[in-house]
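First the structure, in the form of structure tokens, and then the observations on it.
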Amino acid sequence: MSFTEKAVIMNEEEMMRAIKRMAHEVLEANGGVKDLVILGVQRRGVPLAAMLQEAIKNVEGAEVPMGAIDITFYRDDLSKLGPSPRVATTEMPFDVTDKQVILVDDVLYTGRTVRAALDVIIDWGRPRAIQLAVLVDRGHRELPIRPDYVGKNVPTSQKEVIKVKVTEFDEKAEVVVGEVD
Amino acid sequence: MSLNRKDVLGLEDMSAEEILLVLDIASRFRAVFDRPVRSVPIMRGRTVVNFFHEPSTRTRISFELAEKRLSADIVNFSVATSSFSKGETLRDTAENLAAMKIDMLVVRHGSSGAADYLSRVLECPVINAGDGCHEHPTQGLLDIMTMHQRLGDLRGKKVTIIGDIAHSRVARSNIWGLNKLGAEVTVCGPPTMVPGNIARMGVTVEYDLKKAVEHADVLNILRIQLERGAGADFPSNREYHRMYGVTEDVVRGLKPEAFIMHPGPMNRNVEIASTVADGPRQVILDQVANGVAVRMALIYLLSGGDPGALASGDAA
Numbered sequence: 001m002s003f004t005e006k007a008v009i010m011n012e013e014e015m016m017r018a019i020k021r022m023a024h025e026v027l028e029a030n031g032g033v034k035d036l037v038i039l040g041v042q043r044r045g046v047p048l049a050a051m052l053q054e055a056i057k058n059v060e061g062a063e064v065p066m067g068a069i070d071i072t073f074y075r076d077d078l079s080k081l082g083p084s085p086r087v088a089t090t091e092m093p094f095d096v097t098d099k100q101v102i103l104v105d106d107v108l109y110t111g112r113t114v115r116a117a118l119d120v121i122i123d124w125g126r127p128r129a130i131q132l133a134v135l136v137d138r139g140h141r142e143l144p145i146r147p148d149y150v151g152k153n154v155p156t157s158q159k160e161v162i163k164v165k166v167t168e169f170d171e172k173a174e175v176v177v178g179e180v181d
Numbered sequence: 182m183s184l185n186r187k188d189v190l191g192l193e194d195m196s197a198e199e200i201l202l203v204l205d206i207a208s209r210f211r212a213v214f215d216r217p218v219r220s221v222p223i224m225r226g227r228t229v230v231n232f233f234h235e236p237s238t239r240t241r242i243s244f245e246l247a248e249k250r251l252s253a254d255i256v257n258f259s260v261a262t263s264s265f266s267k268g269e270t271l272r273d274t275a276e277n278l279a280a281m282k283i284d285m286l287v288v289r290h291g292s293s294g295a296a297d298y299l300s301r302v303l304e305c306p307v308i309n310a311g312d313g314c315h316e317h318p319t320q321g322l323l324d325i326m327t328m329h330q331r332l333g334d335l336r337g338k339k340v341t342i343i344g345d346i347a348h349s350r351v352a353r354s355n356i357w358g359l360n361k362l363g364a365e366v367t368v369c370g371p372p373t374m375v376p377g378n379i380a381r382m383g384v385t386v387e388y389d390l391k392k393a394v395e396h397a398d399v400l401n402i403l404r405i406q407l408e409r410g411a412g413a414d415f416p417s418n419r420e421y422h423r424m425y426g427v428t429e430d431v432v433r434g435l436k437p438e439a440f441i442m443h444p445g446p447m448n449r450n451v452e453i454a455s456t457v458a459d460g461p462r463q464v465i466l467d468q469v470a471n472g473v474a475v476r477m478a479l480i481y482l483l484s485g486g487d488p489g490a491l492a493s494g495d496a497a
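As they're listed, the protein sequences go chains Y and P.
So the first sequence is residues 1 to 181, counted in the numbering used here.
So the second sequence is residues 182 to 497, counted in the numbering used here.
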């Protein structure tokens, strides 16, 4: 399987601008940073969560606590894919009970990752609410899940693949669309 | 890298990469133990059968906990409550299990090779929970995990295994696994309990306990298996304790950072002095916690169909 890149749909500047806007929306919807925590979904949701945390700090001057969640042991497709040896860690450096959680992921597609992430969070405690922030919403939901904050809506065909690149793991930050064959 | 095998029967045929993968996944599972909810749903709807044809408390409980923490469905049967007491053969039992469509079998048996036999009869993965004097791979893995957590890379690290080497499947699994990771293993015990050809496994034999432990980074003290007739190999428990028991005096001869392991259950004041068993050097309860994590990792890694299909980096 090889990935053929077709087009860049967001460059680094556009990514940063979208995250800044999402930071403002988060603050507006929640009336500030009180009880707010950010959880990034491993792996690429984590650097995006850190960028959102930084953007909120630049506006509000306060650092919102951040954690990371790994959904490997919560997937619903073990029999289809087999066990993943690529297990990352869940880092929950605070009690989520009664917190306002902003869940951050790179791409929203079928919604199954988010479903699993919700279960992980609830196994750690009982947040007051969970809101979903994604950099790209590409459609094709298989579950009744919708994002609260979206960087960019990108209509796609099911054959296409969206890749969010971040400087932590990739050579540069950008969002590309391509095809796998 | 994945566990490309149907069964885990021993550490003899496992590669260093596979062992390190199990330890890595096990460390992720250990993190789950500290949460308010100590289980994950990944094995929901899978049935694991624990077939214990030999008495076992901690291994059985550890497997059962591992399975429960993965949300698997569990069926336990042990010899006392099964038709073995009515004379059914191992083969018939296996065929019955196969007909009931189970997803995994964990087996403890008094005969060496029983797990291997069942793995060939059954289509589902089989995990050996100890077979006769052959291997006890999950104990080997949890021992290695405990050493790896403290010492890091085990290459060149010195491990001394003390006691009844001849009857011990724990010793054998430790030796296979530790050799693969590059540790230097010394075995020590009364000559009646150390097989003459054991050096061929790539270990050093030393009959003098004090010499065997002076450079060690870890002591792994085996249980004297009085129930396996080990009592015939030495004159008395007191005599054994005097010659091969790990006492405060032996501990004083250790390197300052060396630590002490025991797979349990302990015979206090036989192979280990009671004060040492409760002392600051021992990591016995850590071994117990690692045991659950290692078993979770193996069950997880042996489950599921096609590990090659994991490719797309696209988020779902």
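The beta carbon of each residue, even a glycine, is placed where N, CA and C say it ideally should be.
- A contact is defined here as three or more CB-CB pairs under 8 Å, and the stretch 146 to 160 of chain Y fails this definition with respect to the stretch 266 to 282 of chain P.
- Using a CB distance below 7 Å, the part of the stretch 198 to 217 of chain P facing chain Y consists of 202, 206, 209, 212, 216 and 217, ordered along the chain.
- Separation of residue 62(Y) and residue 69(Y) (C-alpha to C-alpha, rounded to the nearest whole angstrom) is 22 Å.
- Within the same chain, and ignoring the five residues on either side of residue 260(P) in sequence, the residues whose Cβ sits closer than 6 Å to its Cβ are 234.
- If only complete runs of 4 or more residues are kept, the stretch 434 to 493 of chain P shows the alpha helix (DSSP H) at 455 to 458 and 465 to 483, in order along the chain.
- Note that the stretch 326 to 345 of chain P does not touch the stretch 290 to 306 of chain P; fewer than 3 beta-carbon pairs, one per stretch, sit closer than 8 Å.
- Under a criterion of Cβ atoms nearer than 8 Å, the residues of chain Y adjacent to residue 222(P) are, in order, 73, 74 and 119.
- The DSSP-derived three-state label of residue 397(P) is coil.
- Residues of chain Y with a Cβ closer than 7 Å to the Cβ of residue 484(P) are, in chain order, 78 and 83.
- Contact note: residue 87(Y) reaches chain P through 206 and 209, using a C-beta cutoff of 7 Å and chain order.
- Sorting 288(P), 318(P) and 299(P) by C-alpha distance to the C-alpha of residue 272(P) places 299(P) at the top.
- Close to residue 167(Y), with beta-carbon spacing below 7 Å, lies no residue of chain P; the smallest spacing is near 16 Å.
- Against chain P, the beta carbon of residue 125(Y) has neighbours under 7 Å at 217, listed in chain order.
- Under a criterion of Cβ atoms nearer than 9 Å, the residues of chain P adjacent to residue 90(Y) are, in order, 209, 212, 213 and 216.
- Residue 452(P) counts as buried, since at least 16 other C-beta atoms from the protein chains shown sit within 10 angstroms of its C-beta.
- Distance from the CA atom of residue 111(Y) to the CA atom of residue 165(Y), rounded to whole angstroms, is 20 Å.
- Taking 9 Å as the cut-off, the beta carbon of residue 137(Y) is found closer than this to the beta carbon of residue 107(Y).
- The shortest CA-to-CA distance from residue 324(P) to any of 192(P), 459(P) and 187(P) is the one to 192(P).
- Distance check between residue 396(P) and each of 457(P), 295(P), 366(P) and 474(P) places 366(P) closest, using alpha-carbon atoms only.
- Just measuring C-alpha positions, the residue of 368(P), 241(P) and 317(P) sitting nearest residue 339(P) is 368(P).
- From the listed residues 438(P), 326(P), 408(P) and 458(P), the smallest Cα separation to residue 427(P) is found for 458(P).
- Counting the other CB atoms within 10 Å of its CB gives residue 415(P) a total of 16 or more, which places it among the buried residues.
- The residue from 67(Y), 139(Y), 158(Y) and 100(Y) with its alpha-carbon nearest to that of residue 46(Y) is 67(Y).
- Separation of residue 450(P) and residue 405(P) (C-alpha to C-alpha, rounded to the nearest whole angstrom) is 11 Å.
- According to the DSSP secondary-structure assignment, residue 232(P) is paired through a beta bridge with 258(P) and 288(P).
- Between residue 319(P) and residue 219(P) a beta carbon distance of about 19 Å is seen, past the 8 Å cut, so the two are scored as non-contacting.
- Neighbourhood of residue 481(P) in chain Y, by CB distance below 8 Å: 73 and 83, in chain order.
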